[in-house]
Structure formats: C-alpha cells, structure tokens
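Report on the structure given below.
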Amino acid sequence: MAEWTERAELLFKKEGLEKLKNAHVLIVGLGGVGSFAAEFVARAGVGKMTIVDGDVVDITNINRQLPALHSTVGKPKIEVVAQRLLDINPELQLIKIQEFLSPERAFEIVTPEYQMVLDCIDSVTPKLNLMIAAKRKKVKIVSSMGAGGKMEAAKVKVADISKTKNCFFSKALKKRLREVKIDKGIKVVYSSEIQDKSSLKTTDGKNYKKSFYGTNSYMPGLFGLYAAETAIRYLLNK
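Counting in the working numbering, the sequence shown runs from 272 upward without gaps.
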C-alpha cells in the first residue's frame, strides 16, 4: 500500500484498503456537500471515482464549498476538485463528467458498475430520478437532503428516507417517490432541525432549482462527511 495510507491501514486493515482500492464510487454534484464528500472518499483510498458537475465557482460559494476560493471564481468546479483529488491520490482512476444532470440523464448515468452512488445535487427532479434509478438498478445510494436553513450540527443523521422529519426537501421527495411505489429503502443524510423559513430565497428556476435557503460554512461539509462515512463503511463491510 502507498505510504500515505499508513494510518488508514491501521484502522481498515489491508483487506479493507483493498476493498476501497477496488471500489468505483459515483459522486453527483460538487457543491458544498459533494466537494467535501469527494475529498473524504478520496482520502479513504477509494481507487476509482466518477464525478459529475456542470457548474462553475461563484463568489457566493466561498462561504461553504471546498473548491471555492477567490482565485477559483469562474473556474469549473469539476476541474478544481479533480485537480485536488489527484493531488491527494495520484493513482486515483478519475472520470470527469462535466454537465448539469438533467432528469432524463439521471436514469442513464447510474449503472451496476458503481458500488456506491453519492447523490449531492440540490435540485428535486434530477435527484428524484437518480434515487429511482439506483433503487431500480439495485445500486446502493446515499442521498443528501437539505443542509440550508439549518444551524445545529448535532441534529444531522443518516436514516432511511421513510424516517425523516422536519425536512421540507425529503417531504417533497417522499411524496413523489410514493407515486412510483417507493416508500423506503433509500438512505439519506438529513437534519431533524426545523428550517429557518426567513432565510429562503426564490430563483429564476435555472437548472431545475426554484429556491434555496441561507447556508452556513459547516453544515454542507457535515452532510458530505456523513455521506462519505456511509459509503466508506458500506464498502468496507461489502
């Protein structure tokens, strides 16, 4: 094993590191949640990753997103994150798909070649289709719910989507999932804290996103950490 994985090997053992090295993880969305999730997955030693994102760094991303710096404003997030991941693990097999995931494309992108899918997008319809695709194709997925409008780190947890509460995002998704006969069996990262409704802002609906909540520096990263933890522990126990 590479020298940089010494500490991980002590915890995961050689067999665990081999499992991670042989795994292929799909991460969709490289914003506040996905960028941190991708970094944690890479640092754990996962050998192959496909990352998907079509956005560029905006000045308003700096308060919460790993690739967002004043020096990277205007650059594609996928390029900034990819450079960082390969600097962490030069042997990482990295596939970049630079696009906004359309609802139709979500069904195409999930295939059995992935051992785990991390859904870190924040638009309802593409997220919904990504979840449905993973469920129907029997690919493990952990999906991030809304980190916006929330402040209490201790209320973030991983649960089956059927068990979520006080999360407007998961409420909307559960309603639409029931329409296609899915009511459980999808792991999500969510917070049971009641959202601050006064921090909501509407948008022009571009890229399937009609509104967003104010977000602090740590909650998206914490959601990404929980998503990465779920993926890594699943791969180790697989």
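Just so you know, even glycine gets a beta-carbon here, dropped at the ideal spot from N, CA and C. Quantities reported herein were computed from a predicted structural model and do not represent experimental measurements.
So for residue i, helix, strand or coil by DSSP?
i: Ile-457; result: coil
i: Leu-337; result: coil
i: Met-272; result: coil
i: Ser-433; result: helix
i: Met-422; result: coil
i: Ser-462; result: strand
i: Thr-321; result: strand
i: Asp-390; result: strand
i: Lys-428; result: strand
i: Leu-356; result: helix
How many angstroms separate the CA atom of residue i from the CA atom of residue j?
i: Glu-510; j: Val-381; result: Here the chain covers residues 272 to 509 and nothing more, so residue 510 does not appear.
i: Ser-342; j: Glu-450; result: 45 Å
i: Lys-434; j: Ser-462; result: 11 Å
i: Glu-280; j: Phe-311; result: 15 Å
i: Leu-301; j: Leu-291; result: 21 Å
i: Ala-425; j: Glu-464; result: 9 Å
i: Leu-506; j: Asp-467; result: 35 Å
i: Tyr-385; j: Pro-361; result: 21 Å
i: Leu-357; j: Leu-282; result: 23 Å
i: Gln-336; j: Leu-372; result: 19 Å
i: Ala-377; j: Ala-294; result: 21 Å
i: Pro-397; j: Ala-405; result: 12 Å
Could you say which of the options lies nearest to residue i if we only look at CA atoms?
i: Val-388; options: Lys-284, Lys-509, Ile-298 and Met-490; result: Ile-298
i: Val-427; options: Glu-500, Ile-333 and Gly-302; result: Glu-500
i: Val-344; options: Asn-487, Asn-334 and Asp-329; result: Asp-329
i: Ile-457; options: Lys-409, Gly-420, Lys-421 and Thr-473; result: Lys-409
i: Leu-399; options: Lys-446, Val-351 and Lys-436; result: Lys-446
i: Pro-491; options: Ser-482, Leu-401, Gly-318 and Ser-306; result: Ser-306
i: Ala-353; options: Lys-319, Ser-488, Asn-332 and Lys-411; result: Lys-319
i: Lys-411; options: Gly-420, Cys-438 and Asp-431; result: Asp-431
For the beta strand (DSSP E) containing residue i, name the first residue and the last one.
i: Ser-415; result: 412-415
i: Phe-236; result: Shown here, the chain extends from 272 to 509; a query on residue 236 therefore has no answer.
i: Ile-366; result: 364-368
Could you pull out every residue in the same chain whose Cβ sits closer than 6 Å to the Cβ of residue i, ignoring the five residues on either side in sequence?
i: Phe-494; result: Val-304, Ser-415, Ala-418 and Val-460
i: Met-272; result: Glu-280 and Leu-288
Keeping to the same chain, check which residues put their C-beta closer than 7 Å to that of residue i; ignore five residues upstream and five downstream.
i: Pro-347; result: Val-327 and Gln-369
i: Ile-349; result: Leu-301, Ile-322, Asp-324, Lys-367 and Gln-369
i: Asp-454; result: Ser-433 and Leu-448
Between which two residues does the alpha helix (DSSP H) carrying residue i extend?
i: Met-490; result: 490-508
i: Thr-473; result: That residue, Thr-473, is in no alpha helix (DSSP H); its beta strand (DSSP E) goes 471-473.
i: Leu-282; result: 277-292
Who are the near neighbours of residue i in its chain, counting only those whose CB is closer than 8 Å to its CB and skipping five residues on each side?
i: Ala-443; result: Val-395
Kindly say whether residue i, judged by its beta-carbon, lies nearer than 8 Å to any beta-carbon of chain B.
i: Arg-376; result: Protein chains in the displayed structure number just one, and chain B is not present.
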